[in-house]
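Note that the sequence shown covers residues -17 to -1, 1 to 307 in mature numbering (1 follows the signal peptide of the UniProt record, and there is no 0).
The C-beta atom is built at its ideal place from N, Cα and C for all residues, glycine as well.
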Amino acid sequence: MASISTLFFQLITLAFAFNIVANGQSLKVGYYQETCPDLEPLVKEIVDQVISISPTLAPPLLRMHFHDCFVRGCDGSVLLESPAKKYEKDADSYLSLRGFEIIDQAKAAAEKVCPGVVSCADILALVARDVTVAVKGPFWEVETGRRDGRVSIKSEALHKLLAPFSNISTLKKGFKKRGLSVKDLVVLSGGHTIGISHCSSFHHHLYNFTGRFDTDPSLDSKYVKKLKMKCKPRDQNSIVEMDPGSYETFDESYFRLVAKRRGLFESDVALLDDIETKAYLKFQALSHGSTFFEDFGESMVKMGRINVLTDKEGEIRSVCTKVY
Ligand code: HEM
Ligand SMILES: *[C@@H]1O[C@H](CO)[C@@H](O)[C@H](O)[C@H]1NC(C)=O
Ligand SMILES: *[C@@H]1O[C@H](CO)[C@@H](O)[C@H](O)[C@H]1NC(C)=O
């Protein structure tokens, strides 16, 4: 029989759990089961078709959901277009986001079968999952029921999105503020197993680490040599693979590389500066990513709950680039 103190402990745990998920209380798996039953297969079909032709669109479409969620919550604000170029999309760190036309295509398909029902924020979450699966990553059940926001502000994107030169305390704080744990930080950083980066994103790491035109001394020297060949000192525009050798496949190699001191961004390398993130990294590196896929799905679901609008909040846009 449960003692009073066990019961008390369980209540506290329960309260704590609810507090943490409070953001996403009204989201659920299969939210559109009645109102738009064909939505998920429809989105998947579009994504599969697109990725089979243009596999390099998978990474930016995964990244797009991250950008959406970290600035003003997962409310589709990243998709809004401003004639005066004053929205999130117009911030420097967003310029390399690509694949907006795929979101528009999925939204148009959804409008055709169930007009006025499906939010753009949910389309982003579904597409992020489907592109991950399309590049051999994990499947997870996506919670839906988000509504679209009406506000998008460039300066928020500039100041609230974590910079690639963030240190571990800034990263941990940035995740905690959004209801995400230290584990979520290291797990989701594993998203860098696919895609590319522009030299500008790690120029500082390579050429001006402490402001004295130096390189991060903790980096593997062979890796530095290769990077410097691809990115000359004033080159901001060339691109490198984030996860050399398997940048088109979602796998655990990111953790192996970072553990070998081959993290591209300071924010990747910083995961070696915390006991918990370091332990996770080494564990995945040694166990061939034994729990990474499952963990990634769980953390993506949590990320998808950040400051969502639900019920009567926000709106359902008819096109993703414009408020209704
Ligand atoms: C932890 C904080 C993070 C920082 C500081 C960060 C930073 C960056 C930067 C600077 C780029 C390169 C952009 C460019 O130069 O074109 C990038 C690319 C990317 N990021 Fe992150 N990121 C973070 C977290 C995440 C998360 C949580 C995900 C998804 C789960 C993610 C997925 C990606 C992907 C897939 C790319 C490749 C995009 C492409 O190929 O176009 N990142 N990230
Ligand atoms: C991490 O970066 C922040 C913001 O740049 C800075 O205020 C803080 O002192 C840094 N922390 C450490 C431990 O270096
Ligand atoms: C190098 O870093 C210093 C100090 O942060 C900064 O003032 C300078 O503009 C940087 N130079 C370049 C070329 O990035």
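Check: Segment limits, alpha helix (DSSP H) that includes HIS142; Outcome: 137 to 143
Check: Member of ILE85, LYS305, LYS213 and THR293 whose CA lies at the smallest distance from the CA of ILE179; Outcome: LYS213
Check: DSSP three-state assignment for LEU292, whether helix, strand or coil; Outcome: strand
Check: Start and end residues, beta strand (DSSP E) containing HIS181; Outcome: 179 to 181
Check: PHE122 burial status per 10 Å Cβ neighbour count (16 or more: buried); Outcome: exposed
Check: Length of the line joining the Cα atoms of LYS205 and ARG244; Outcome: 10 Å
Check: Any non-hydrogen atom of ligand 1 closer than 7 Å to SER183 Cβ; Outcome: yes
Check: Beta-carbon separation (whole angstroms), ARG81 vs ALA104, contact threshold 8 Å; Outcome: Going by Cβ atoms, the distance from ARG81 to ALA104 rounds to 19 Å, so no, they are not a contact pair.
Check: Distance cut-off 7 Å: ASN191 Cβ against heavy atoms of ligand 2; Outcome: no
Check: Between the CA atoms of SER201 and TYR14 - distance to the nearest angstrom; Outcome: 47 Å
Check: Three-state secondary structure (DSSP) of LEU(-4); Outcome: Residue placement at LEU(-4) cannot be trusted, given a pLDDT of 47 that sits under 50; the coordinates are not used to answer.
Check: Close Cβ partners of ALA268 (< 6 Å) along its chain, the five nearest in sequence each way excluded; Outcome: PHE238, ARG239 and ALA242
Check: heavy atom of ligand 1 below 7 Å from LEU121 C-beta; Outcome: Looking at the sequence shown, residue 121 is not Leu but Pro. Checking the Cβ of PRO121 against ligand 1 gives no.
Check: Touch test, the region 217 to 237 against the region 168 to 188, Cβ-Cβ under 8 Å, three pairs minimum; Outcome: yes
Check: Chain-order list of residues whose beta-carbon lies under 7 Å from that of ALA41 (same chain, five-residue window excluded); Outcome: ILE34, VAL114, ALA117, VAL118 and ILE177
Check: Residues near GLU231 in its chain [Cβ-Cβ closer than 7 Å; skip 5 each side]; Outcome: PRO38, VAL118 and ILE177
Check: ILE222, enclosing beta strand (DSSP E) - first and last residue; Outcome: 222 to 224
Check: Minimum Cβ-Cβ distance from ASP294 to chain B less than 8 Å; Outcome: The displayed structure is made up of one protein chain only, and chain B is not part of it.
Check: heavy atom of ligand 2 below 7 Å from SER152 C-beta; Outcome: yes
Check: Buried or exposed by the 16-neighbour rule on C-beta atoms within 10 Å, applied to GLU84; Outcome: exposed
Check: GLY157 beta carbon less than 8 Å from that of LEU171; Outcome: no
Check: Beta carbon of ALA111 nearer than 8 Å to that of LEU25; Outcome: no
Check: Length of the line joining the Cα atoms of residue 312 and GLU71; Outcome: Residue 312 cannot be examined here, being either before or after the span of the chain that is shown, -17 to 307.
Check: Backbone secondary structure at VAL101 - three-state DSSP; Outcome: coil
Check: Beta-carbon proximity of PRO235 to PRO147, cut-off 8 Å; Outcome: Per the sequence shown, the amino acid found at residue 235 is Glu instead of Pro. No, they are not a contact pair.
Check: CB contact flag (SER301, ASP167, <8 Å); Outcome: no
Check: Same chain only: Cβ atoms within 6 Å of LYS209, ignoring 5 sequence neighbours per side; Outcome: none
Check: Residue range of the alpha helix (DSSP H) that includes ASP159; Outcome: What sits at residue 159 in the sequence shown is Lys, not Asp. Start and end: 151 to 159.
Check: SER250 Cβ short of 7 Å to ligand 1 heavy atom set; Outcome: yes
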